[in-house]
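Below: the structure, in structure tokens.
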Amino acid sequence: MFKLAIPVLHVSSSVVAEEFYCDHLGFRRESAYRPSGDIDPCHMSLVRDDVRLHVSSFSGDAVSGGVVYLRVDDIDGLHEELLQKNVSIDTGPINQEWGNREMYLKDSDGNSIRFFCPNI
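For the sequence shown, the residue numbers in the numbering used here are 5 to 124.
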């Protein structure tokens with residue numbers, strides 16, 4: 005039985021990624037693995053509510069330009085929260101023809117973070 009899927013996004017700098025995902029998107033760092041003791045390479049686990057993301061600056065972990073699709077309860081409330089933190093929003097929130105309300109943004113490495121909620 006499958007229990008959980010955790011996407012891994014490639015980042016060039018763990019420091020920049022942590023600032024973006026934690027300070028701007030509201031995640032918290034759960035753990036960080038830095039085998040050499042240097043800032044990078046690093047594999048970091050990030051959590052917000054029931055969502056887990058991993059970001060990694062290791063060369064073998066994913067490639068930049070990934071996409072993550074995250075379901076949220078209140079996309080308009082999240083939009084306001086992100087605007088107050090000066091997060092650049094690429095698209096939305098918009099009502100999609102397939103029944104979702106969606107909002108898209110990118111991190112500094114070009115990874116697309118796509119938020120959605122069912123448009124009830």
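We put the CB at the ideal spot given by N, CA and C, even for glycine.
Rounded separation between residue i and residue j - CA only
i, j, result
"residue 41", "residue 62", "14 Å"
"residue 70", "residue 96", "19 Å"
"residue 55", "residue 34", "12 Å"
"residue 27", "residue 88", "12 Å"
"residue 102", "residue 25", "28 Å"
"residue 84", "residue 110", "17 Å"
"residue 94", "residue 106", "11 Å"
"residue 64", "residue 46", "12 Å"
Residue i and residue j closer than 9 Å at C-beta
i, j, result
"residue 49", "residue 112", "no"
"residue 19", "residue 44", "yes"
"residue 75", "residue 31", "no"
"residue 90", "residue 123", "no"
"residue 13", "residue 115", "yes"
Expected contact under 8 Å - CB spacing of residue i and residue j to nearest Å
i, j, result
"residue 72", "residue 57", "7 Å"
Burial state of residue i (16 or more Cβ within 10 Å)
i, result
"residue 5", "exposed"
"residue 37", "exposed"
"residue 22", "buried"
"residue 117", "buried"
"residue 67", "exposed"
"residue 79", "buried"
"residue 129", "The structure shown does not extend to residue 129, since the chain is modelled only from 5 through 124, so no value can be given for it."
Any non-hydrogen atom of the ligand GDP within 8 Å of residue i CB
i, result
"residue 114", "Looking for the ligand GDP in the displayed structure turns up nothing, as the structure carries no ligands at all."
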